[in-house]
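2 protein chains.
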Amino acid sequence: MKKPASDALDTSTEERIKEAARKVFLQKGYAATRVKDIAQEAGLNIALLNYYFRSKEKLFDLVMLEKLQQFAGELQRIMLAEATSLREKVELIAAFYVDLLLAQPELPVFIFSELKANPAKLAGIMGAQKVLLHSRFAQQLREELGARHSSTNPLHLLMSLLGMAVFPFVARPVLQLAAEQDDAGFTALMQERKRLLPQWFETLLQSA
Amino acid sequence: MKKPASDALDTSTEERIKEAARKVFLQKGYAATRVKDIAQEAGLNIALLNYYFRSKEKLFDLVMLEKLQQFAGELQRIMLAEATSLREKVELIAAFYVDLLLAQPELPVFIFSELKANPAKLAGIMGAQKVLLHSRFAQQLREELGARHSSTNPLHLLMSLLGMAVFPFVARPVLQLAAEQDDAGFTALMQERKRLLPQWFETLLQSA
DNA sequence: TTATGTTTTAAACAAACGTTTAATAAATGG
DNA sequence: CCATTTATTAAACGTTTGTTTAAAACATAA
Numbered sequence: 001m002k003k004p005a006s007d008a009l010d011t012s013t014e015e016r017i018k019e020a021a022r023k024v025f026l027q028k029g030y031a032a033t034r035v036k037d038i039a040q041e042a043g044l045n046i047a048l049l050n051y052y053f054r055s056k057e058k059l060f061d062l063v064m065l066e067k068l069q070q071f072a073g074e075l076q077r078i079m080l081a082e083a084t085s086l087r088e089k090v091e092l093i094a095a096f097y098v099d100l101l102l103a104q105p106e107l108p109v110f111i112f113s114e115l116k117a118n119p120a121k122l123a124g125i126m127g128a129q130k131v132l133l134h135s136r137f138a139q140q141l142r143e144e145l146g147a148r149h150s151s152t153n154p155l156h157l158l159m160s161l162l163g164m165a166v167f168p169f170v171a172r173p174v175l176q177l178a179a180e181q182d183d184a185g186f187t188a189l190m191q192e193r194k195r196l197l198p199q200w201f202e203t204l205l206q207s208a
Numbered sequence: 209m210k211k212p213a214s215d216a217l218d219t220s221t222e223e224r225i226k227e228a229a230r231k232v233f234l235q236k237g238y239a240a241t242r243v244k245d246i247a248q249e250a251g252l253n254i255a256l257l258n259y260y261f262r263s264k265e266k267l268f269d270l271v272m273l274e275k276l277q278q279f280a281g282e283l284q285r286i287m288l289a290e291a292t293s294l295r296e297k298v299e300l301i302a303a304f305y306v307d308l309l310l311a312q313p314e315l316p317v318f319i320f321s322e323l324k325a326n327p328a329k330l331a332g333i334m335g336a337q338k339v340l341l342h343s344r345f346a347q348q349l350r351e352e353l354g355a356r357h358s359s360t361n362p363l364h365l366l367m368s369l370l371g372m373a374v375f376p377f378v379a380r381p382v383l384q385l386a387a388e389q390d391d392a393g394f395t396a397l398m399q400e401r402k403r404l405l406p407q408w409f410e411t412l413l414q415s416a
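Going down the list, the sequences are from chains A and B.
Sequential numbering from 1 applies to the first sequence in the working numbering.
Sequential numbering from 209 applies to the second sequence in the working numbering.
Now the structure itself:
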């Protein structure tokens, strides 16, 4: 019977490399990451990275794909769902992002800065581009706005919702410094925000 | 009498380096930028960068300071202004960011990703941390919320305003791909947004 | 055991990096 | 004009980069 003595030793070499790569890439980004950093973080020889994954870039692509799916995959699923109401969807989106980014605060800056550095990879990954405009969510938004005889572009509301949810985590270092806030305070504020976001969205909708 | 024949040749070497550095650093970030890239962009010998600015990092710090002031300096001025009303401030902030980021779309990702990579530099630059909580803007927000017997943290409203304004530019590559949009369409959407943002903020305030 | 395939390691690799040097060219001032 | 400073260049510098190699350690099975 195997006793997992430590997290570092019981997991496979391949998984230890991936885990270390996730940590370092997310912290420093692709260009600032040294393969030596990943090897040290994993407590392994540098050559093993190229033995299991053929290059730094291939390893990065794996992490990037994983993180992109974490960030956008669930949003896509929520937006496409046929059975969920508009209000339910908004609550799900708000809760999903606040929880996700409380657990992984570095995710959005990583995603957006790396995608800007290499937009080609996004196109390769996201095959279905028409998620946004042709989703059930977009349709529900248009119906709701149409009932109000509003000509507002539904994209505005989506950008506002995501902006209100995600932006605090993007600007976290600046905000936290300028607002004299500690980590616990920020977390509490975000938990409060999870509750407020759907209310705010409803307000925006009513006023459109 | 000097005739400025071309933009590249009439400006001083020092300024040409700075201009090239602005362009390349904003495009690629510090770690992915090669000093060779800057020299080529400026059409100059590499050694000149170290002759005028002593190192890559010193040159970067100059650009970073400049961009940080462009991004946060005006916001600070608006928020601190004693004579401006709350609604006026909101209109100024919305217009400022939409116009600024239409002119420099790469600015926010650059700022936030580089600050995350080196938060120490932020503390060194922003001496006055208590801008947010102790600004006239924060005070005006508290008054407005107090009149509504609302216990909402004023920070929430500031984060929402900035998030709604800035986030579309951060997520631009993803949004533009997912919404089948060209540059002109995005610009038009943002111009519309400039008008909508103050209305939305007012709505959020009324509902608090 | 021996033979065979897999995993791990230290060392070496060429290429790219930021920076410095030393010589040259241009500008400046008397 | 010459003398002195300033600006520019090509080359070289020492490191660091990601990757490869070749041998060693380990595991597996006959």
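Note that CB positions come from ideal geometry on N, CA and C, so glycine has one too.
Cβ of residue i within 7 Å of any chain B Cβ
{"i": "F186/A", "result": "no"}
{"i": "K116/A", "result": "yes"}
{"i": "M190/A", "result": "no"}
{"i": "P119/A", "result": "yes"}
{"i": "L80/A", "result": "no"}
{"i": "P173/A", "result": "yes"}
{"i": "L157/A", "result": "no"}
{"i": "A103/A", "result": "no"}
{"i": "F112/A", "result": "yes"}
{"i": "S151/A", "result": "no"}
{"i": "A39/A", "result": "no"}
{"i": "V170/A", "result": "yes"}
Inter-residue spacing [alpha-carbon to alpha-carbon] between residue i and residue j
{"i": "L315/B", "j": "F279/B", "result": "8 Å"}
{"i": "M164/A", "j": "K194/A", "result": "10 Å"}
{"i": "L294/B", "j": "L300/B", "result": "10 Å"}
{"i": "M287/B", "j": "A42/A", "result": "46 Å"}
{"i": "S417/B", "j": "Q348/B", "result": "Nothing can be reported for residue 417/B: it is not among the residues displayed for chain B, which extend from 209 to 416."}
{"i": "A188/A", "j": "Q199/A", "result": "18 Å"}
{"i": "S6/A", "j": "A20/A", "result": "Here the model assigns S6/A a pLDDT of 36, short of 50, so the residue's position is not dependable and the matter cannot be decided."}
{"i": "L133/A", "j": "R77/A", "result": "14 Å"}
{"i": "L175/A", "j": "V339/B", "result": "10 Å"}
{"i": "E207/B", "j": "G146/A", "result": "Residue 207/B is absent from the structure shown; chain B starts at 209 and stops at 416."}
{"i": "T84/A", "j": "A94/A", "result": "15 Å"}
{"i": "N50/A", "j": "V374/B", "result": "40 Å"}
{"i": "L177/A", "j": "D390/B", "result": "37 Å"}
{"i": "S263/B", "j": "L100/A", "result": "39 Å"}
{"i": "A392/B", "j": "L196/A", "result": "33 Å"}
{"i": "L9/A", "j": "E296/B", "result": "Interpretation of L9/A is limited by its pLDDT of 48, a score under 50 that renders its predicted location unreliable; the figure taken from the coordinates is listed afterwards. Those two C-alpha atoms are separated by around 60 Å."}
{"i": "T33/A", "j": "A331/B", "result": "24 Å"}
Reference residue i, options the options, closest by Cα
{"i": "H357/B", "options": "I319/B, S415/B, E296/B and T221/B", "result": "S415/B"}
{"i": "F318/B", "options": "A184/A, A117/A and Q199/A", "result": "A117/A"}
{"i": "E352/B", "options": "A302/B, F409/B, N253/B and Q277/B", "result": "F409/B"}
{"i": "L283/B", "options": "T219/B, R380/B and F345/B", "result": "F345/B"}
{"i": "F233/B", "options": "Y260/B, I254/B and F268/B", "result": "F268/B"}
{"i": "L62/A", "options": "Y30/A, A81/A and A83/A", "result": "Y30/A"}
{"i": "F394/B", "options": "A20/A, R54/A, R77/A and N153/A", "result": "N153/A"}
{"i": "R172/A", "options": "A147/A, Q104/A, V90/A and A94/A", "result": "Q104/A"}
{"i": "F169/A", "options": "A94/A, K56/A, A32/A and V98/A", "result": "V98/A"}
{"i": "E274/B", "options": "A247/B, K226/B, I246/B and K244/B", "result": "K226/B"}
{"i": "T11/A", "options": "T33/A, K28/A, A32/A and L44/A", "result": "L44/A"}
{"i": "F200/B", "options": "K297/B, L323/B and R224/B", "result": "Missing from the structure shown is residue 200/B; chain B here goes from 209 to 416 and no further."}
Close-in-space but distant-in-sequence residues of the same chain around residue i (CB under 7 Å, 5 per side omitted)
{"i": "L204/A", "result": "L157 and S160"}
{"i": "L68/A", "result": "I111 and I125"}
{"i": "I254/B", "result": "V243, K244 and A247"}
{"i": "L310/B", "result": "T395 and M398"}
Limits of the alpha helix (DSSP H) - the one that residue i falls within
{"i": "P154/A", "result": "P154 to V170"}
{"i": "Y238/B", "result": "Premise fails: Y238/B is in no alpha helix (DSSP H) and is neither H nor E."}
{"i": "Q206/A", "result": "D183 to S207"}
{"i": "N258/B", "result": "A255 to Y260"}
{"i": "F110/A", "result": "L107 to A117"}
{"i": "G146/A", "result": "R136 to A147"}
{"i": "L102/A", "result": "L86 to A103"}
Same chain, Cβ closer than 6 Å to residue i, five either side skipped, listed in chain order
{"i": "F304/B", "result": "E282"}
{"i": "R22/A", "result": "V63"}
{"i": "S135/A", "result": "M79 and L80"}
Any C-beta of chain A under 7 Å from that of residue i
{"i": "F375/B", "result": "yes"}
{"i": "M372/B", "result": "yes"}
{"i": "V339/B", "result": "yes"}
{"i": "P362/B", "result": "no"}
{"i": "S417/B", "result": "What the structure shows of chain B is the stretch from 209 to 416, and residue 417/B is not part of that stretch, so it cannot be assessed."}
{"i": "L412/B", "result": "yes"}
{"i": "F268/B", "result": "no"}
{"i": "S343/B", "result": "no"}
{"i": "S220/B", "result": "no"}
{"i": "I240/B", "result": "Looking at the sequence shown, residue 240/B is not Ile but Ala. Interface residue, yes."}
{"i": "V271/B", "result": "no"}
Same chain only: Cβ atoms within 8 Å of residue i, ignoring 5 sequence neighbours per side
{"i": "R350/B", "result": "P362"}
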